[in-house]
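J.: Protein chains in written order, with my numbering: chain A, 166 to 273; chain B, 905 to 1433; chain C, 42 to 390.
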Amino acid sequence: MQDMPPLQVESLIPEPGAARLVMTGELDYTTARDASAEVARTLAAGVDVLEFDLAGLKFIDSSGMAVVMNAYTDAEERGTAFRIVALTPYLRHLIEVVALDDVLDLPG
Amino acid sequence: MRGAAGSAGPVPDLMAALLEGSGEGIVLCDADGVVTLANAAAARMVPRVEPGLPAPAPLDSVPPSPEGRVVLHGGRAIRIRAQAVSGGMLAWYLTDLSAARRTEFLLEAGRRLSASLNPHRCARAAAELGADFLADMAIVLLPPTYRRRIEWVRAVSGRYGPEEGVLPAAEAAEVPGLSDALAGLRHGVAGQQDPGGAPGWLLPEGFGPAGHLLVLPMPGNGVPAGAIVLARRAGRPPFDDDDQVMARDLAARAGAAVSAASLFREQSTINDILTGDLLPPELPEIEGMRLAGRLRASQQAGAIGGDFYDVYLPDAAPDGGIVERPPLVILGDVCGKGAGAAVLAGQVRHSLRTLLLLECRLDRLLELLNRSLIASPSPNSYVTMILAALRTGPDDHVLVDLVVAGHPPPLVLRKDGTVEEVAARGSLLGALKEISLWPATLDLEPGEVCLLYSDGITEAFGGPSGREMYGEARLKEALATCAGMPVEALVERLEQLSTEWLGGGPGGGADDRALLAVRAGAGRTETSW
Amino acid sequence: MVRQDLEAATGRYLNLIGRADEEGAAGLVLGLIGEGVPAEDVLLRVIAPCQRRVGELWASNEWPVAREHGATAVSERVVAAVSGRVRPTETRGRVAVACADGEYHVLPTRIMAEVLRLRGWQVDFLGASVPGPHLITHLHQTGPDVVALGCMLPTRLPRAHATIAACQAVGIPVLAGGAGFGADGRFARLLGADAWAPTADAAADRLAAGLPSFPAVPDDSGDTAVHLGGEEYAYLTRHRADLLARVMDTLTGRPEHTAEDLGNMADFLIAATYVHDAALFTDFVVWTCRVLEARQVPAESVVLGLGAFHDVLTDCPDARALLNEGVAAAQACCGRSARPADQRTETSV
């Protein structure tokens, strides 16, 4: 447990042309840079769909939220679809607080 | 060990080891006055001693006698005793008298001069070291300020506490060598001066006439760090070589300490100026209500961070083009931590101040702010915030117009102790070109409180398990216990509860935390007791 | 002004702060000063005793916590008003006054700061719960002659110790004050403070007598600092959360044991382990029993809570010994509570 990095990002290909980043652990001030780099790499590879699986996030702060929002705006600029396929109840609450629930594609 | 093979025969290993281990210097020479043996301690005290060569000074000047003689050599006081041994050979025993005092001086100088990053404390430590170890009086003078004044610290042996003062720079010239030392034009001892000309300001009252003065520059980081003057009373021995070595050492260490401290002071002054604008403002008195705020930055040494609040009072004399409006309070949180976040928070506060000259509609203000954040070249310019315009209503009520941008909505403490969450929400700023806002207006009766807070309060991790989030439910519960409290006590209590929740940890992991409360009604508290 | 008048004023002041009447309280106090009562007397003979009384009124459940906090907040503003009214000239050195890290009981320390100011010191008051790095930064920036550190609760002692050592390491001596250092100041000496004072005026007298301009070398060979803390302290501090969770588990179904109370119990136990002082813990236990009794919670519940800690801490013989002493003290309270309050006798522990 102590030896695990605070954030792990796993990259999956759920279907051709799509990429899914599964984030586990803490997405915060200290780990946001790594996560952003992974997002940038994925988008640069030229996918049609970018998916986030955030159900394994134990903690997220404003820097972590910034990763999600940057992914959304960067994907939109490239014409890549962006959606969150899984998230925790608390994260959903946070997305509602910042009023992005109408904008982001969230699981039903 | 230096030994000349053949002249006195080989020394057995054990003997050699014993001699070498001795702290006392031992030198042996034959009947012709040629050194046959010198141990390590002797070589340290008299480096020129060399087996096979005649005994060097100062050994040659010490005749055999049981009590020996103290000589000054190479900056040390050495007691040398010569004794005839068998076969016309002569042995010298050398004791370094300076060692104990010097060791103590080095330890103390290291301890005291490395402690502080405050130039005055360093100067004070240097003066005290001078008076403790070297002289009857030591005065440290710092380089002249731009007003041509010199700050000084003076210590006198046996007197409690140093004195401090300021001197016109011109008067330094009254001590020969001092002006040069302060200007960095001298190295080493700037002068062992005839004290006849010592000016009145140099010596403390009741000190009596000085017999000996020593003036030394304190070298700094390429620029002089000041000077030190040591004085001994008339009738005391003059500063010998050994004293001068120690004095130079003191001046060098003091110079290094003072210049490091001056650098720190300069940088922390710049830091204070740059961060001054980023600190929360004093909360003003607003008629008909009372404000209280608390801000805790997560960063250990700094007081700044990504949480902020501010108050914008109406323009005192609005004229053409400047809009009239009620007082406005804001509380917000920018993405990130530390200085970077604080800079963005400062920009947001300044932008709002400017925008408020021309615009008073709260939703419009946030739209403009959003556009400016999106246009910002720096990444992660995301901000969540609340704007609250405070209007006084009839019967001492306060009406609060609220817009919330991606921020936890404010809480309201009603008169009966119930706590409500305000139904206002909206998008955070800096992310979307179009933001959506659902504003609300609150009606506060006298004694009722509207509380704005940042998520650092509710997202504090701790509690009995150490892993639990403080959460909105606990904050509401805590707020409910504050019914009837003055608003300062209320925010203090809430901050205290959240700090206690964070537990005994060092606080390094804590987020920035901000609280701002508005209580309707003037000074006197309406209580139910 | 004669003594009786001041006593009457004290009664009026308590009444006013009890109603959170800031205007009235400030008016009364500034009026006294206007009549020629020395500001120091107003601080030490009106405000300070009332504030002690406020604490007692809360402990005996006569005042709810909100009223206690309200009264304290008013006193804080009154002290600030006194500070604004009386402006002595600075004839002495500079003092940094701060509350220990985690210490929020700011008023006694604030009063000490004001008394020092009235006695001619240049005072920087840094406020409640000052983290070590903030304090040290301030010391480097301003270079005061001394730090006066206030600590009201002994649970802050471990952090106060770190702060004292840090101040001394940058060459500034520390005067310790406040109930947290023990009624006799024994913890101030134990933590290596350069001086201790039980009251604000004693602190002023002590500073006037002079402190060393540089703290002495810590005496590592002595019997002080080396023995502070230890293995059990480290264990309890590190596992505080787990221990509390386990204690709460064993006490499920006993609603009188709030997480806050048990957390306090753990913190006092940890502090007592740090300074190796049983009286620190038993004093807390007796006080808790009294507070709970005033709220119709029998002292038996304290015995039960201590027992739960005892059961959980199988590997901590020192802490268990402390808990045993605590149980004995609490049991003495159980017996006592049956008797009328005014017949209570002090139990020596």
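A virtual CB, placed ideally from N, CA and C, is assigned to each residue, including glycine.
1. Output yes if chain A places a C-beta closer than 8 Å to the C-beta of residue 1239/B; else output no.
2. Mind checking residue 1228/B: buried by the 16 CB within 10 Å criterion, or exposed?
3. With H, G and I counted as helix, E and B as strand and the rest as coil, what does DSSP make of residue 1053/B?
4. Rounding to the nearest angstrom, what Cα-Cα distance links residue 257/A and residue 1211/B in this structure?
5. Mind checking the region 226-247 of chain A against chain B and listing, in chain order, the residues whose C-beta falls within less than 8 Å of any C-beta there?
6. With a floor of 4 residues, list each alpha helix (DSSP H) that falls wholly inside the region 1061-1090 of chain B, ordered by position along the chain.
7. Does the contact criterion of 3 or more C-beta pairs under 8 Å hold for the region 1373-1387 of chain B versus the region 1152-1167 of chain B?
8. Could you check whether residue 950/B and residue 977/B sit closer than 8 Å to each other, using their CB atoms as the reference points?
9. Rounded to a whole number of angstroms, what is the C-alpha to C-alpha distance between residue 990/B and residue 938/B?
10. Can you check the region 258-309 of chain C for any alpha helix (DSSP H) of at least 4 residues that lies completely inside it and give the ranges in chain order?
11. Flag this pair as yes or no: are the beta carbons of residue 270/A and residue 226/A separated by less than 8 Å?
12. What are the residues in the region 137-153 of chain C lying within 9 Å of chain D by C-beta distance?
13. Within this structure, are the beta carbons of residue 1202/B and residue 1192/B separated by less than 8 Å?
14. Is it true that the CB of residue 83/C sits closer than 8 Å to the CB of residue 123/C?
15. Taking DSSP as the reference, what is the three-state secondary structure of residue 997/B?
16. For residue 236/A and residue 204/A, which I take to be in contact (beta-carbon distance under 8 Å), what is that distance rounded to the nearest angstrom?
17. Under 8 Å by Cβ, that's how I've got residue 120/C and residue 88/C pegged, so tell me the actual separation to the nearest angstrom.
18. So, is the C-beta of residue 1332/B closer than 8 Å to a C-beta in chain A?
19. In chain order, which continuous runs of the alpha helix (DSSP H) of length 4 or greater are located wholly inside the region 344-373 of chain C?
20. Quick check: does the Cβ of residue 47/C come within less than 7 Å of any heavy atom belonging to the ligand GTP?
21. Could you pull the DSSP bridge partners for residue 191/A from this structure?
22. Should residue 1357/B be flagged as near chain C, meaning a C-beta pair shorter than 8 Å?
23. Step through the CB atoms of chain C and report whether any lies within less than 8 Å of the CB of residue 1388/B.
24. Thinking C-alpha only, which one of 51/C, 76/C, 135/C and 116/C is nearest residue 249/C?
25. Quick check on the burial criterion: 16 or more other C-beta atoms within 10 angstroms. Buried or exposed for residue 262/C?
26. Is the region 149-159 of chain C in contact with the region 234-241 of chain C, if contact means three or more CB pairs nearer than 8 Å?
27. Between residue 265/C and residue 316/C, what straight-line distance do the alpha-carbon atoms span, to the nearest angstrom?
28. With 8 Å set as the bound, which would you pick, yes or no: does the beta-carbon of residue 267/A sit closer than that to a beta-carbon of chain B?
29. Look at residue 1118/B and residue 1107/B and say whether their C-beta atoms are less than 8 Å apart.
30. Mapping DSSP to helix, strand and coil, what is residue 1271/B?
31. Does chain B have any CB closer than 8 Å to the CB of residue 204/A?
32. Any beta-carbon of chain B closer than 8 Å to the one on residue 170/C?
33. Could you please give the first and the last residue of the uninterrupted alpha helix (DSSP H) stretch that includes residue 191/C?
34. Just the C-alpha distance for residue 1314/B and residue 1296/B, rounded to the nearest angstrom, thanks.
35. First and last residue of the alpha helix (DSSP H) that includes residue 255/A?
36. Check whether the Cβ of residue 1050/B lies closer than 8 Å to any Cβ atom in chain A.
T.: Short version:
1. yes
2. exposed
3. strand
4. 23 Å
5. 226, 227, 228, 230, 231, 234, 235, 237 and 238
6. 1082-1086
7. no
8. yes
9. 15 Å
10. 272-279 and 281-291
11. no
12. Among the chains of the structure shown, chain D does not appear; the protein chains present are A, B and C.
13. no
14. yes
15. strand
16. 5 Å
17. 6 Å
18. yes
19. none
20. The ligand GTP is not part of the structure shown, which contains no ligands of any sort.
21. 224/A
22. no
23. yes
24. 135/C
25. Residue placement at residue 262/C is flagged as unreliable, the pLDDT there being 42, under the threshold of 50; the coordinate-derived value follows with that caveat. Exposed, since its Cβ has fewer than 16 Cβ neighbours within 10 Å.
26. yes
27. Its pLDDT being 49, under 50, residue 265/C is placed unreliably in this model, and the coordinates cannot settle the point.
28. yes
29. no
30. helix
31. no
32. yes
33. Per DSSP, residue 191/C belongs to no alpha helix (DSSP H); it is in the beta strand (DSSP E), 187-191.
34. 19 Å
35. 254-262
36. no
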